[in-house]
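Trainee:
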Amino acid sequence: MRPAELERLTVAEAADRYVELVRARTVTGALSSSTAEVYARDVATLVELAGADVVLDDLTGADVDALLLAFARRPDGRLRTPSGGQSPSSQARFRRSISALFKHATLAGWVQINPMTASTVTSKERGGLRPQRRALTREQAQGLIGAARTLGDVPAPEGKRRDQRTELRDAVIVLLLATVGPRVSELVRANVEDFFTNDGVRYWRIFGKGGRTRDVPLPDDVAGVLQEYLARGRPAVAEKALLLSWRGRRLARGDVQAVIDRVQRRVDPDQRRSVTPHGLRHTTATHLLADAVDMDAVRRVLGHSDLATLGRYRDELPGELEVAMRAHPLLRGR
Numbered sequence: 001m002r003p004a005e006l007e008r009l010t011v012a013e014a015a016d017r018y019v020e021l022v023r024a025r026t027v028t029g030a031l032s033s034s035t036a037e038v039y040a041r042d043v044a045t046l047v048e049l050a051g052a053d054v055v056l057d058d059l060t061g062a063d064v065d066a067l068l069l070a071f072a073r074r075p076d077g078r079l080r081t082p083s084g085g086q087s088p089s090s091q092a093r094f095r096r097s098i099s100a101l102f103k104h105a106t107l108a109g110w111v112q113i114n115p116m117t118a119s120t121v122t123s124k125e126r127g128g129l130r131p132q133r134r135a136l137t138r139e140q141a142q143g144l145i146g147a148a149r150t151l152g153d154v155p156a157p158e159g160k161r162r163d164q165r166t167e168l169r170d171a172v173i174v175l176l177l178a179t180v181g182p183r184v185s186e187l188v189r190a191n192v193e194d195f196f197t198n199d200g201v202r203y204w205r206i207f208g209k210g211g212r213t214r215d216v217p218l219p220d221d222v223a224g225v226l227q228e229y230l231a232r233g234r235p236a237v238a239e240k241a242l243l244l245s246w247r248g249r250r251l252a253r254g255d256v257q258a259v260i261d262r263v264q265r266r267v268d269p270d271q272r273r274s275v276t277p278h279g280l281r282h283t284t285a286t287h288l289l290a291d292a293v294d295m296d297a298v299r300r301v302l303g304h305s306d307l308a309t310l311g312r313y314r315d316e317l318p319g320e321l322e323v324a325m326r327a328h329p330l331l332r333g334r
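Each residue of the sequence shown is one higher than the one before, starting from 1 at the first, in full-length UniProt numbering.
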């Protein structure tokens, strides 16, 4: 049922009421506190972009589109891309947050018509808003991998104890992400016992979605760095996790991005581009497929149950069509 009368609240007033309601839902357990704070942050951003004194009911579908585009182009400080704008996942999250606000506003009588129904910018139509591909180019990926491989030779910073050094751990993180492409949750869940050797080949038994497991062979270079980390880089503690903080605790998902950023600072600026852990998963898929590796093998490496899913992980690479046509299979040997 719609309220009998419309409350012409400003954007700021509506945001305050909505955030108060969202935070109250954490008391009953309907929302987690972290989710509530994400909603609150996005609503605060909406107030900043739309203007605190604008009446909420005056916003149209075109206004919402403008707000979504404005948010998409805001610098994302977490990814250290001051001119790069928000990541696709952040754009989709922001759209969900303000959509939830307008849905409540419609039911509460703050707006006559939900402007989201007239919005044309959706989470699937933001390709032009994304300034950088998710996958790294070959040169960028090789720059990152090269920086990771040399971390073991980095001299100890002055005043830093040996048990506080994390260079080898950081190298393992980047190399596994860039060459095997695990989900970040699979990486931080990994235990030392999940890595085994069979017929001289080092394998990682990955526990993935839906209780599925897969045994993925590691490239020799990656296996070597892993062995070096286990021998002299991992803290000698009872904790069974592969990746540990220098205090001996299992690494959290949120720590992985900081590790990637730290290694990126060692990459030559001409090869450097910010990337997320999921972007490195895209990088693995893109370059394996671009190198004509069997699609089913790539599917098994990534842990997908369906070949069709690979399409979402295959990003275009500059010059790949030209290379494909130069090496055309029907013209070889002429």
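We put the beta carbon where it would ideally sit given N, CA and C, even for glycine. All figures in this text were calculated on a predicted structure; none of them were measured in a lab.
On the DSSP bridge list, what partners appear for threonine 10?
Mentor: Val55
Trainee: Fully enclosed by the segment 205 to 286, which beta strand (DSSP E) runs are 3 residues long or longer?
Mentor: 213 to 217
Trainee: Taking just the CA atoms, how far does arginine 25 sit from aspartate 42?
Mentor: 17 angstroms
Trainee: Starting from the C-beta of valine 216, find all residues in its chain whose C-beta is less than 7 angstroms away, skip the five residues before and the five after it, and write them out in chain order.
Mentor: Val180, Tyr203, Trp204, Ile206, Val301
Trainee: Could you pull out every unbroken alpha helix (DSSP H) segment of at least 4 residues lying fully inside the segment 84 to 117, listed in chain order?
Mentor: 88 to 108
Trainee: DSSP three-state call for arginine 183: helix, strand or coil?
Mentor: coil
Trainee: Secondary structure at threonine 197, three-state DSSP: helix, strand or coil?
Mentor: strand
Trainee: From arginine 17 to arginine 250, what distance separates their C-alpha atoms?
Mentor: 39 angstroms
Trainee: In chain order, what residues of the same chain lie with their CB nearer than 7 angstroms to the CB of serine 185, ignoring the 5 residues before and after it?
Mentor: Arg253
Trainee: Between the Cα of phenylalanine 196 and the Cα atoms of Ala171, Gly210, Ala308, Leu230, which residue gives the shortest distance?
Mentor: Leu230
Trainee: Rounded C-beta distance between glycine 85 and arginine 74? I'm assuming under 8 angstroms.
Mentor: 7 angstroms
Trainee: Over the uninterrupted alpha helix (DSSP H) stretch that includes residue 358, give me the two end residues.
Mentor: What the structure shows of the chain is the stretch from 1 to 334, and residue 358 is not part of that stretch, so it cannot be assessed.
Trainee: Do the CB positions of valine 259 and aspartate 170 come within less than 8 angstroms of each other?
Mentor: yes
Trainee: Can you say whether arginine 312 is buried or exposed, counting buried as having 16 or more other CB atoms within 10 angstroms of its CB?
Mentor: Exposed is the label assigned to arginine 312, since fewer than 16 other Cβ atoms lie within 10 Å of its Cβ.
Trainee: Tell me whether proline 329 is buried or exposed, calling it buried when 16 or more other Cβ atoms sit within 10 Å of its Cβ.
Mentor: exposed
Trainee: Hey, how far is the Cα of proline 82 from the Cα of proline 88?
Mentor: Note that proline 82 scores 45 on pLDDT, short of 50, meaning its location in the model is unreliable and no value can be drawn from it.
Trainee: Closest by CA to glycine 210, which one among Thr106, Asp53, Ser305?
Mentor: Ser305
Trainee: Taking the beta carbon of residue 335 as the centre, do at least 16 other beta carbons fall within 10 Å, making it buried, or is it exposed?
Mentor: Past the boundaries of the shown model lies residue 335; the chain is included only from 1 to 334, so the question cannot be answered.
Trainee: Does arginine 134 come out as helix, strand or coil in the three-state DSSP assignment?
Mentor: In the structure shown, arginine 134 sits in coil (DSSP, three-state: anything other than H, G, I, E or B).
Trainee: Please state the DSSP three-state secondary structure of glycine 127.
Mentor: Residue confidence for glycine 127 is low, a pLDDT of 45 falling below 50, so the modelled location carries little weight; the figure read from the coordinates is stated next. Helix, per DSSP.
Trainee: So, for threonine 213: in the same chain, excluding its five sequence neighbours on each side, which residues have a beta-carbon less than 7 angstroms away from its beta-carbon?
Mentor: Arg205, Ile206, Phe207
Trainee: Using the C-alpha atoms, what's the distance from tyrosine 39 back to serine 97?
Mentor: 6 angstroms
Trainee: Would you mind working out which of Leu144, Arg95, Leu56, Ser245 sits nearest alanine 70, comparing C-alpha positions?
Mentor: Arg95
Trainee: Alpha carbon to alpha carbon, how far is arginine 234 from leucine 243?
Mentor: Those two C-alpha atoms are separated by around 8 angstroms.
Trainee: So glutamine 257 and threonine 276 are supposed to be a Cβ contact under 8 angstroms. How far apart are they, rounded?
Mentor: 6 angstroms
Trainee: Specify the secondary structure class of aspartate 170 as computed by DSSP and reduced to three states.
Mentor: helix
Trainee: Rounded to whole angstroms, what's the CA-CA distance from alanine 308 to alanine 285? Just pull it up for me.
Mentor: 13 angstroms
Trainee: With H, G and I counted as helix, E and B as strand and the rest as coil, what does DSSP make of arginine 202?
Mentor: strand
Trainee: Buried or exposed, going by whether 16 or more other CB atoms sit within 10 Å of the CB of valine 237?
Mentor: exposed
Trainee: Could you check which residue in Ser119, His104, Ile173 has the C-alpha nearest to that of alanine 66?
Mentor: Ser119
Trainee: Output the boundary residues of the alpha helix (DSSP H) element that contains leucine 307.
Mentor: Run containing leucine 307: none; DSSP gives neither H nor E here.
Trainee: Does the Cβ of aspartate 220 have 16 or more other Cβ atoms within 10 Å, making it buried, or fewer, making it exposed?
Mentor: exposed
Trainee: Which word fits arginine 8, buried or exposed, when buried means at least 16 other C-beta atoms lie within 10 angstroms of its C-beta?
Mentor: exposed
Trainee: Can the beta-carbon of leucine 187 be found less than 8 angstroms from the beta-carbon of isoleucine 173?
Mentor: yes
Trainee: Quick check: the Cα distance between glycine 127 and alanine 72, rounded to an integer number of angstroms?
Mentor: Note that glycine 127 scores a pLDDT of 45, beneath 50, so its modelled location is shaky; the value from the coordinates is reported in the next line. Approximately 11 angstroms between the Cα atoms of the pair.
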